[in-house]
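S.K.: Residue numbers (our numbering): 87 to 511.
One structure follows; several queries about it will come next.
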């Protein structure tokens, strides 16, 4: 099935094809709208995938769960849902959106946060790196009030409550004076900061409204806090549909994009800790995540199917030659084997846990490293075929990358795009 056949279905009417591989429509949907990043796909895309499943007791899997878009969409459609997410910020946001006892504590969480906002915690109590970074993103009065709210959650035993984490994290976003440039907080790009008290009240009210209107039948929603390269919690042949969007090669650094939250919550207190405690747990997709992987290239090469190995060898050789010519010396040649080896591991597990006749729906993009085109979607589709998936198709969804065309950056002569991979078992 190509993407145009999928997107032309009546269920998706009113949503442009260009918006389906983004999360820009999430603010239209209950629960999804509590907190989201643009990376991922639209709730409408998930609904389109779920609508193809006839069994109402079916199970959906998202091996890259992110903020829980696929999981929530499945539950709203009456399916069971399971996901994997090793990123500590995304994990907690996704867990908060799954129906849980915290949904009944919204008033208490709001009261504690508002009380803490009135009792500021000095910025100087933070380690040097978080203090310097957060000072660029907030007025001092605002960030010290927010730190007071964080400490109030600790004092009241709510620091481990995922909904409290979500509400205060979203309040943090709205209270920053720095615009989000694409997906990263850009300290030099300003926006109007909202008062923390107003932001907290608005988010809490949004949660109350959506919780009160939650009507789907009770289903099981689970998310596991580790990489989906191994899914020991799932039985073979137990999954009816897979809906996912893996990290794009050399696109977003998912540790950097959450640096504000990692520093605010004390999950990491330096750039080095971000790498050791967050990047090391994620699939390797950027040069910032190469620590500990550069000396495993031979092993990673052996983990990819033989059918794509020669092409990857050629790309690595070409990238190595380009790196020798470039002033920046970006180590793109070290990205190729680990990315495709780890993705092979995830896809192998996806095949194992899928039922016969189940469908897999993937949104992913290609890349241009030093101007060398990496056909990641087509390579992943071929890897899926080598693992046993059938009727594998790969079709363009939209062109992308025009925002990144700069004189100093080499683009691909083919342009870049986002692609839809569909397969059956």
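For glycine and all other residues, C-beta sits at the position ideal for the given N, C-alpha and C.
Here's the rule I'm using: 16 or more other beta-carbon atoms within 10 Å means buried, otherwise exposed. How should residue 502 be labelled?
M.R.: Flag for residue 502 reads buried.
S.K.: Does the Cβ of residue 377 have 16 or more other Cβ atoms within 10 Å, making it buried, or fewer, making it exposed?
M.R.: Answer is exposed; the Cβ neighbour count stays below 16.
S.K.: If you compare alpha carbons, which of 416, 466, 404 is closest to residue 434?
M.R.: When each option's Cα is compared against that of residue 434, the closest is 466.
S.K.: Within the chosen definition, does the stretch 386 to 403 reach the stretch 191 to 207 through at least 3 CB pairs nearer than 8 Å?
M.R.: With the cut-off at 8 Å, the stretch 386 to 403 and the stretch 191 to 207 do not touch.
S.K.: Under DSSP, the alpha helix (DSSP H) around residue 193 begins and ends at which residues?
M.R.: Here the alpha helix (DSSP H) through residue 193 covers 192 to 203.
S.K.: Answer with buried or exposed for residue 195, where buried requires no fewer than 16 other C-beta atoms within 10 angstroms of its C-beta.
M.R.: When all chains shown are included, residue 195 counts as buried.
S.K.: So, for residue 334: in the same chain, excluding its five sequence neighbours on each side, which residues have a beta-carbon less than 6 Å away from its beta-carbon?
M.R.: The answer, listed in chain order, is 451.
S.K.: Out of 438, 453, 509, state which residue places its alpha-carbon closest to the alpha-carbon of residue 485.
M.R.: Residue 485 has its Cα closest to that of 453, out of 438, 453, 509.
S.K.: How would you write the range of the beta strand (DSSP E) that residue 506 sits in, first residue to last?
M.R.: Segment 502 to 510, the beta strand (DSSP E) holding residue 506.
S.K.: Distance check for residue 164 and residue 220, CA to CA, integer angstroms please.
M.R.: Taking the straight line from one Cα to the other gives about 41 Å.
S.K.: Just confirm the distance between the C-beta atoms of residue 436 and residue 149, as a whole number of angstroms; I'd bet it's less than 8 Å.
M.R.: The pair is a contact, with the Cβ atoms about 6 Å apart (cut-off 8 Å).
S.K.: Which same chain residues end up closer than 6 Å to residue 416 when comparing Cβ atoms and leaving out the 5 residues on each side of it in sequence?
M.R.: Once the five neighbours on either side are set aside, the close Cβ partners of residue 416 are 373.
S.K.: Given residue 473, which residues of its chain have a CB within under 7 Å of its CB, disregarding the five upstream and five downstream residues?
M.R.: For residue 473, where only same-chain residues beyond five positions count, the Cβ hits under 7 Å are 433, 434, 437.
S.K.: Three Cβ pairs or more, each shorter than 8 Å: is that satisfied between the stretch 223 to 234 and the stretch 308 to 325?
M.R.: With a cut-off of 8 Å, the stretch 308 to 325 and the stretch 223 to 234 do not count as touching, because too few Cβ pairs lie within range.
S.K.: Going by C-alpha to C-alpha distance, which of 357, 457, 382, 238 sits closest to residue 214?
M.R.: The option with the nearest alpha carbon to residue 214 is 357.
S.K.: Looking at the strands, I want to know which residues DSSP matches up with residue 170.
M.R.: Bridge partners of residue 170: 310.
S.K.: Go ahead and pull the three-state DSSP assignment for residue 211.
M.R.: Here residue 211 sits in helix by DSSP.
S.K.: Between residue 509 and the rest of its own chain, which residues show a CB-CB distance below 6 Å, the 5 nearest in sequence each way excluded?
M.R.: For residue 509, where only same-chain residues beyond five positions count, the Cβ hits under 6 Å are 446, 470, 475, 478.
S.K.: Measure the C-alpha to C-alpha separation of residue 348 and residue 354 and round it to an integer number of angstroms.
M.R.: Roughly 6 Å separates the two Cα atoms.
S.K.: Can you pull the DSSP bridge partners for residue 450?
M.R.: The partner list for residue 450 (beta bridge, DSSP) reads 505.
S.K.: What did DSSP end up calling residue 139 once you bin it into helix, strand or coil?
M.R.: Residue state, collapsed to three classes: coil.
S.K.: With DSSP as the reference, label residue 330 as helix, strand or coil.
M.R.: DSSP places residue 330 in strand when its eight states are reduced to three.
S.K.: Tell me whether residue 486 sits in a helix, a strand or coil according to DSSP, three-state version.
M.R.: Note: residue 486 maps to strand in three-state DSSP.
S.K.: I need the DSSP call for residue 455, collapsed to helix, strand or coil.
M.R.: Strand at residue 455.
S.K.: Quick check: residue 251 and residue 345, are their CB atoms within less than 7 Å of each other?
M.R.: Their beta carbons are not under 7 Å apart, which means residue 251 does not touch residue 345 by this criterion.
S.K.: Any contact between the stretch 246 to 261 and the stretch 178 to 192? By contact I mean 3 or more CB pairs, one from each, below 8 Å.
M.R.: Cβ pair count under 8 Å is three or more, so yes.
S.K.: What is the DSSP secondary structure of residue 153, counted as helix, strand or coil?
M.R.: Three-state DSSP puts residue 153 in coil, outside helix and strand.
S.K.: Would residue 330 and residue 286 be called neighbours here (beta carbons separated by less than 7 Å)?
M.R.: For residue 330 and residue 286, no; Cβs fall outside 7 Å.
S.K.: Locate the beta strand (DSSP E) running through residue 147, then write down its first and last residues.
M.R.: That run of the beta strand (DSSP E) goes 145 to 148.
S.K.: Given a threshold of 16 other Cβ atoms within 10 Å of its Cβ, counted over all protein chains shown, does residue 143 qualify as buried or as exposed?
M.R.: Under this definition residue 143 is an exposed residue.
S.K.: Could you tell me the alpha carbon to alpha carbon distance between residue 88 and residue 299, rounded to whole angstroms?
M.R.: Cα to Cα, the separation comes out at about 35 Å.
S.K.: According to the neighbour-count rule (16 or more other Cβ atoms, all chains shown, within 10 Å of its Cβ), is residue 341 buried or exposed?
M.R.: Residue 341 should be labelled buried.
S.K.: For residue 445, which of helix, strand or coil comes out of DSSP?
M.R.: Three-state result, residue 445: strand.
S.K.: Taking just the CA atoms, how far does residue 103 sit from residue 490?
M.R.: No answer about residue 490 holds up, because its pLDDT of 41 lies below 50 and its placement is not dependable.
S.K.: Could you tell me how far apart the beta carbons of residue 146 and residue 288 are, in whole angstroms, since I believe they sit closer than 8 Å?
M.R.: Not quite, the Cβ-Cβ distance comes to about 31 Å (not below 8 Å), so this is no contact.
S.K.: Compute the Euclidean distance between the alpha carbons of residue 387 and residue 403, then round it to the nearest angstrom.
M.R.: Straight-line Cα distance between these residues: approximately 13 Å.
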